[in-house]
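Structure first, then comments.
Residue numbers (the numbering used here), protein chains in the order written: chain A, 387 to 591; chain B, 38 to 448.
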């Protein structure tokens, strides 16, 4: 059995979290509150040491990069939300942030539209049956899935059948993805049980 | 009625927006290279084979479509003896002001090219010598002095013209339909099962006298899924306020929390029940993924909500949330455009809005003509893309050259 106090803390917290499998109880609640509390404290430190200090205060105060006063003021405006009288001022930085999402349009078009279409166009119809089948599935599958997400016409008749095919292909894809991730989750569980049995109790090596 | 002057002003603003959003990124990288020289003024030193002695062909040129500071070198070994022995390459460089050559790279030869970005300055002439070495670092071949080559930035990233074209088409179609919607044109949007279920779930929560839990995901405010989620939340909050029910919203991101707080407050005011708004039910939980999941799992287990909504962007915490919610017996409605997480929601939730259905739900529930117009516009963009796909595919089958890279510019 381990004599390292950190291993003990980790093991006890693991057991407290596992107790949720029985039902919600004070032990789980303790672990949950410790976890949430520590994570917030950790995040505050990370924000200071990784963002505010190296990217704002140090360049501003030490390197005299006065242009950073602008984002500093914008961030300060956020704090006006605590004022009932001047709370509207906090909408300005929010509007800037939300409006800034437009910057993602070209990147999104490039990655989510053009590269996908190009990859579909580039499917190879080889000489053997399997490659022809593979290319047909990719082409028909892409078009039918796009029709499934076409909201301007009711899914009836031929369109309905094509959309149904698209839906089925999506479900097959989701099923494969689900199975793959479940395997990864089981691997995580094995890792945690191994931590308890090997690192903490020392019953396996 | 819009006057001509107002229309002109709007058109001008629209044009400016397009220029900023679409054209700016096409310019090679950032405007950090504002000191960029006119390419016409830069010395005409591109693609200069200098070491072609029949055995090795070495070429160099300014890197294309970049913000400067880079020179491309490539080599092709034609002599079978050199090819059989050379395994590494040693690249030496000399600026016009330097007295002698210094090594800038020692690398495996198989790459066949190297982009020299090591402190390369624009508009400075650089010369290179390449040594081809065997596995014992003995010189097999040395190129002559190559160059001079000059790095300079390009105004346009020509490999992104397809992006510019499709961005223009997409934005134009969406804006057209938004304008039509604003002019009062009615659009048909196929009803989605999940949307009806959202309204039913709120009604169920009211009847049972239990709260609803709304999880807006773990992304930032700029994320489209988060914006769609907030739009749906606005409508749900209004219904909740009308039914005098209760909604609990733990948040992951502080900015999203600020916006959601305002949106829910506004929904209660809109419903005529500002006094019913409970600020303690809309709160920031934590910004760490699994701490957030454990906090919500505990919340759901304690509050025993009648309905759980998971709408927004999710990652690995999705299954933990959906499983924990499922154990409480609540009706669960999820929606995300995070493809990898959709399977978990499908398995553990009663209704799932898949991908773009989340945006459609936001437009459908919000009853905002701009959102509906945008949704309709996106449909026509999809139609345009399907036709593009079919046309390009047929052209490729007919053997038209260049189709393989027409949309991605060789990238």
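The beta-carbon is built from N, C-alpha and C at its ideal position, and this holds for glycine as well.
For residue i, which of helix, strand or coil comes out of DSSP?
{"i": "residue 99 of chain B", "result": "strand"}
{"i": "residue 189 of chain B", "result": "coil"}
{"i": "residue 349 of chain B", "result": "strand"}
{"i": "residue 254 of chain B", "result": "strand"}
{"i": "residue 287 of chain B", "result": "strand"}
{"i": "residue 150 of chain B", "result": "strand"}
{"i": "residue 587 of chain A", "result": "coil"}
{"i": "residue 449 of chain A", "result": "coil"}
{"i": "residue 417 of chain B", "result": "helix"}
{"i": "residue 408 of chain A", "result": "coil"}
{"i": "residue 428 of chain A", "result": "helix"}
{"i": "residue 441 of chain B", "result": "helix"}
{"i": "residue 405 of chain B", "result": "coil"}
{"i": "residue 249 of chain B", "result": "strand"}
{"i": "residue 466 of chain B", "result": "The structure shown does not extend to residue 466 of chain B, since chain B is modelled only from 38 to 448, so the question has no answer here."}
{"i": "residue 157 of chain B", "result": "coil"}
{"i": "residue 302 of chain B", "result": "helix"}
{"i": "residue 229 of chain B", "result": "coil"}
{"i": "residue 414 of chain A", "result": "helix"}
{"i": "residue 240 of chain B", "result": "helix"}
{"i": "residue 378 of chain B", "result": "helix"}
{"i": "residue 542 of chain A", "result": "coil"}
{"i": "residue 471 of chain A", "result": "coil"}
{"i": "residue 220 of chain B", "result": "coil"}
{"i": "residue 531 of chain A", "result": "helix"}
{"i": "residue 339 of chain B", "result": "helix"}
{"i": "residue 436 of chain B", "result": "coil"}
Suppose contacts are defined by Cβ-Cβ distances below 7 Å. Is residue i in contact with residue j by that definition?
{"i": "residue 419 of chain B", "j": "residue 224 of chain B", "result": "no"}
{"i": "residue 398 of chain A", "j": "residue 586 of chain A", "result": "no"}
{"i": "residue 440 of chain B", "j": "residue 432 of chain B", "result": "yes"}
{"i": "residue 425 of chain A", "j": "residue 328 of chain B", "result": "yes"}
{"i": "residue 549 of chain A", "j": "residue 533 of chain A", "result": "yes"}
{"i": "residue 304 of chain B", "j": "residue 275 of chain B", "result": "yes"}
{"i": "residue 381 of chain B", "j": "residue 409 of chain B", "result": "no"}
{"i": "residue 190 of chain B", "j": "residue 324 of chain B", "result": "no"}
{"i": "residue 390 of chain B", "j": "residue 231 of chain B", "result": "yes"}
{"i": "residue 163 of chain B", "j": "residue 186 of chain B", "result": "yes"}
{"i": "residue 446 of chain B", "j": "residue 196 of chain B", "result": "yes"}
Give me the DSSP bridge partner(s) of residue i.
{"i": "residue 183 of chain B", "result": "B:165"}
{"i": "residue 372 of chain B", "result": "B:348, B:390"}
{"i": "residue 506 of chain A", "result": "Residue 506 of chain A pairs with nothing; no bridge assigned."}
{"i": "residue 140 of chain B", "result": "B:129"}
{"i": "residue 491 of chain B", "result": "Given a span of 38 to 448 for chain B in the structure shown, any question on residue 491 of chain B remains unanswerable."}
{"i": "residue 93 of chain B", "result": "B:114"}
{"i": "residue 109 of chain B", "result": "B:98, B:152"}
{"i": "residue 145 of chain B", "result": "B:125"}
{"i": "residue 272 of chain B", "result": "Per DSSP, none; premise fails for residue 272 of chain B."}
{"i": "residue 170 of chain B", "result": "B:125, B:176"}
Given 6 Å as the limit, tell me if residue i has its C-beta closer than that to any heavy atom belonging to the ligand SAH.
{"i": "residue 519 of chain A", "result": "Questions concerning the ligand SAH fall outside what the structure shown contains, since it holds no ligand whatsoever."}
If the cut is a Cβ gap below 7 Å, which residues of chain C does residue i touch?
{"i": "residue 433 of chain B", "result": "As a matter of chain content, chain C is missing from the structure shown, whose protein chains are A and B."}
*Just checking, does the stretch 148-157 of chain B make contact with the stretch 100-109 of chain B on the three C-beta pairs under 8 Å criterion?*
yes
*Compile a chain-ordered list of the residues in the stretch 485-511 of chain A whose CB is closer than 8 Å to at least one CB of chain B.*
Taking 8 Å as the upper bound on Cβ-Cβ separation, chain B lies near residues 486, 487, 488, 489, 490, 491, 492, 493, 495, 496, 499, 500, 501, 503, 504, 506, 507, 508, 511 of the stretch 485-511 of chain A.
*With 9 Å as the C-beta to C-beta threshold (strictly closer), list the residues of the stretch 512-537 of chain A near chain B in chain order.*
525, 528, 529, 532, 533, 534, 535, 536, 537
_Taking contact to mean 3 or more Cβ pairs, one atom from each stretch, closer than 8 Å, check whether the stretch 417-436 of chain B and the stretch 199-217 of chain B are in contact._
Contact holds: three or more Cβ-Cβ distances are below 8 Å.
*Quick one, which residues of the stretch 203-232 of chain B are near chain A if we go by CB-CB under 7 Å, in chain order?*
203, 204, 207, 225, 226, 227
*Counting pairs of beta carbons, one from the stretch 229-248 of chain B and one from the stretch 330-337 of chain B, are three or more of them closer than 8 Å?*
no
_the stretch 405-425 of chain B: positions lying closer than 7 Å to chain A by Cβ_ = The residues in question are 412, 413, 416, 419, 422, 423, 425.
*Report yes or no: do three or more beta-carbon pairs, one from the stretch 363-374 of chain B and one from the stretch 168-186 of chain B, lie closer than 8 Å?*
no
*asked:* Using 8 Å as the cut-off, can you tell me whether the stretch 287-295 of chain B makes contact with the stretch 245-258 of chain B, which would need three or more C-beta pairs spanning the two stretches below that distance?
replied: yes
*Touch test, the stretch 518-537 of chain A against the stretch 241-248 of chain B, Cβ-Cβ under 8 Å, three pairs minimum*: no
_Residues of the stretch 413-428 of chain A in Cβ contact with chain B at a cutoff of 9 Å, in chain order, please._
Within the stretch 413-428 of chain A, the residues whose Cβ lies closer than 9 Å to some Cβ of chain B are 414, 415, 417, 418, 419, 421, 422, 423, 424, 425, 426, 428, listed in chain order.
*Pairing CB atoms from the stretch 501-518 of chain A with CB atoms from the stretch 306-322 of chain B, are three or more of them under 8 Å?*
no
*Quick one: any contact between the stretch 384-404 of chain B and the stretch 264-271 of chain B, if contact means 3 or more CB pairs under 8 Å?*
Under the Cβ criterion (8 Å, minimum of three pairs), the stretch 384-404 of chain B counts as touching the stretch 264-271 of chain B.
*Are the stretch 432-441 of chain A and the stretch 357-364 of chain B touching by the rule of at least three beta carbon pairs closer than 8 Å?*
no
_Would you call the stretch 114-132 of chain B in contact with the stretch 192-208 of chain B, where contact means no fewer than 3 C-beta pairs closer than 8 Å?_
No, the stretch 114-132 of chain B is not in contact with the stretch 192-208 of chain B.
*Taking a Cβ distance cut-off of 7 Å, strictly less, list which residues of the stretch 294-328 of chain B are near chain A, in chain order.*
Cβ contacts with chain A come from 295, 296, 322, 323, 324, 325, 328.
*Under 9 Å (Cβ pairs) to chain B, residues found in the stretch 467-484 of chain A*: 467, 473, 476, 477, 479, 480, 483, 484
*Which residues, in chain order, does the stretch 353-380 of chain B contribute to contact with chain A at a C-beta distance below 7 Å?*
377, 379, 380
_chain A contacts from the stretch 381-400 of chain B (Cβ-Cβ distance under 8 Å)_ = 381, 383, 384, 391, 392, 393, 394, 397
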